[in-house]
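Contents: one structure, followed by commentary.
Protein chains in written order, with the working numbering: chain Y, 0 to 252; chain Z, 14 to 290.
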């Protein structure tokens, strides 16, 4: 068996330790969990700052200007620098030009594309399957519920879209037929929330599976069994912390 | 607890007992797998079939739009996709729109390429991260080299053989975004495919999957790999079982446990309500 590289072993011990510290929250809130939580936030922010500095400032700004003489890059740099004027109260108004540029450009790019992709395309897709019922061989209708492209499913989708839209239309009182349509809308919304919740449970369980898979892998002798040793250490630390808090109850005043 | 009915006791059960139960339901199948069958869904097959249909040396762009927080779900998807693309001898170009996922993406691509015996620059490349999110996609649609003048290691992208004949997103044979949020699959459709007309597939976390089904149904994306389950299906399709397939027994066991808990909670709740009249 080939020995694992030293960095892999260190990585396994750090990952196992931090996983167990975070899991200790399941017992109760404690300083070990807080330590891991703060480490996570600190390391994430530090990593993002360093990568952003290296990629943006060094590789996309400094190097092209100094090495390739791309002076035009000074224009976006100047607009970006205007953001920093927010820290100088007298010059803070200048930052509005930078924000105006960002908001204007962002809205200009996003609005037409979003309308096209999420409204027009979706409306088209809600209507098109119904139009396909009338073909060259007369009117056809497929009833297969398991086929997402069937005409029956197209009608269910149309019903869902219309009733949910009606449910959110508050200018008419939801009574009589309107009440029935709004109730149908609620039913569709409930099914949608249920599907969303089901997928969310699946996702959260996947995260747990991921951590446990790693813990099982790191219980191997080639890593030095960090899972075993650090589990014992974490349980011992939690026991000591619990005993200390019993001896010194927290001051509630 | 004295004087409480059974239903009351059960509804006020220490939540740590539930955590322990879920933990055991996850751990035991991981230690002693049963190998429950995995059915392949049409949405996962959509991505697989499209990659299968690509001729050798086509350009496959994979955007690894997630960070280590979503690793358990999306990492197996990325590994399975890369193995498939390398096996088909596609030219694999990878990148990320998430700065916090840069190091992980580099490690992932390097690891799979090494395993498949692929050479950097000729068979694959990792372009790294570029700031701007949706603006990067638009920029790539106009000129890929302007969005990524250099790759992750700092080499000029213009000289890379893997990018021969590729000027913009229009020259990409197939593109898959594995997204854990924004920017992700939706942005690649809105600012990429809708404008520059290339074939797009998606992979996402379980939480995001229901929101992407409308795009799938309307044909805006041609396939969708959802969560760990989707990754397991893809691993089955390529015949290389990995961490996702290994996790499926645990996933099924925890789902059963949660369904049982939901049913029991409802039963206890209604029985308590009946007792109180």
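Built from N, CA and C at the ideal position, the CB exists for glycine as well.
All of these numbers come straight from a predicted model, not from anything done at the bench.
Neighbour list for residue i in chain Y, Cβ cutoff strictly below 9 Å
i                      : result
residue 44 of chain Z  : 215
residue 147 of chain Z : 105, 108, 109 and 112
Closer than 8 Å to chain Y by CB, residue i
i                      : result
residue 248 of chain Z : no
residue 190 of chain Z : no
residue 51 of chain Z  : no
residue 140 of chain Z : no
residue 25 of chain Z  : no
residue 73 of chain Z  : no
residue 202 of chain Z : yes
residue 90 of chain Z  : no
residue 9 of chain Z   : The requested residue 9 of chain Z is not part of the displayed model; chain Z covers only 14 to 290.
residue 218 of chain Z : yes
residue 286 of chain Z : no
residue 48 of chain Z  : no
Beta-carbon neighbours of residue i, restricted to chain Y and to distances below 8 Å
i                      : result
residue 144 of chain Z : 51, 54, 55 and 59
residue 86 of chain Z  : 202, 205, 206 and 209
residue 223 of chain Z : 191, 194, 195 and 198
residue 163 of chain Z : 58
9 Å Cβ cut-off: residues of chain Z touching residue i
i                      : result
residue 124 of chain Y : 227, 230, 231, 232 and 233
residue 47 of chain Y  : 112 and 113
Per-residue DSSP class, three states only, for residue i
i                      : result
residue 105 of chain Z : strand
residue 138 of chain Z : strand
residue 48 of chain Z  : coil
residue 26 of chain Y  : coil
residue 71 of chain Z  : coil
residue 282 of chain Z : helix
residue 165 of chain Z : coil
residue 215 of chain Y : helix
residue 125 of chain Z : helix
residue 141 of chain Y : coil
residue 237 of chain Z : strand
residue 66 of chain Z  : helix
residue 76 of chain Z  : strand
residue 193 of chain Y : helix
residue 2 of chain Y   : coil
residue 130 of chain Z : coil
residue 236 of chain Y : helix
residue 148 of chain Y : coil
Short CB-CB distance (under 8 Å) between residue i and chain Z
i                      : result
residue 14 of chain Y  : no
residue 234 of chain Y : no
residue 4 of chain Y   : no
residue 112 of chain Y : yes
residue 33 of chain Y  : no
residue 89 of chain Y  : no
residue 225 of chain Y : no
residue 130 of chain Y : no
residue 230 of chain Y : no
residue 38 of chain Y  : no
residue 115 of chain Y : yes
Within chain Y, partners of residue i - CB distance below 7 Å
i                      : result
residue 32 of chain Z  : 25
residue 120 of chain Z : Within chain Y, no residue comes near residue 120 of chain Z; the closest Cβ sits about 11 Å away, beyond 7 Å.
beta-carbon residue i near the ligand FAD non-hydrogen atom, thresh 7 Å
i                      : result
residue 241 of chain Z : Ligands are entirely absent from the displayed structure, and the ligand FAD is therefore not among its contents.
Neighbouring residues, chain Z, relative to residue i (Cβ below 7 Å)
i                      : result
residue 121 of chain Y : 227 and 231
Cβ-based contacts, 9 Å cut-off: residues of the region 199-211 of chain Y near chain Z: Flagged, chain order: 199, 200, 201, 202, 203, 204, 205, 206, 207, 208, 209, 210 and 211.
Ranges of the beta strand (DSSP E) found wholly within the region 84-115 of chain Y, counting only runs of at least 3: If one requires a minimum length of 3 residues, no beta strand (DSSP E) run lies completely within the region 84-115 of chain Y.
Hey, which unbroken runs of the alpha helix (DSSP H) at 4 residues or more fall wholly within the region 187-233 of chain Z? For secondary structure counted as the alpha helix (DSSP H) over 4 or more consecutive residues, the region 187-233 of chain Z holds these complete runs in sequence order: 222-230.
Which residues of the region 170-196 of chain Z have a Cβ closer than 9 Å to any Cβ of chain Y? Give them in chain order. Flagged: no residues at all.
Residues within the region 161-195 of chain Y neighbouring chain Z, beta-carbon criterion of under 9 Å: Residues 191, 194 and 195.
Listed in chain order, which residues of the region 253-269 of chain Z have Cβ atoms closer than 8 Å to some Cβ of chain Y? Cβ contacts with chain Y: 256, 259, 260, 263, 264, 267 and 268.
Which residues of the region 136-160 of chain Y have a Cβ closer than 7 Å to any Cβ of chain Z? Give them in chain order. Cβ contacts with chain Z come from 147.
Chain-ordered residues of the region 104-116 of chain Z with a beta carbon less than 9 Å from chain Y: Hits within the stretch, in order: 112, 113, 115 and 116.
Compile a chain-ordered list of the residues in the region 65-80 of chain Y whose CB is closer than 7 Å to at least one CB of chain Z. For the region 65-80 of chain Y, which is checked against every Cβ of chain Z, not one residue is closer than 7 Å.
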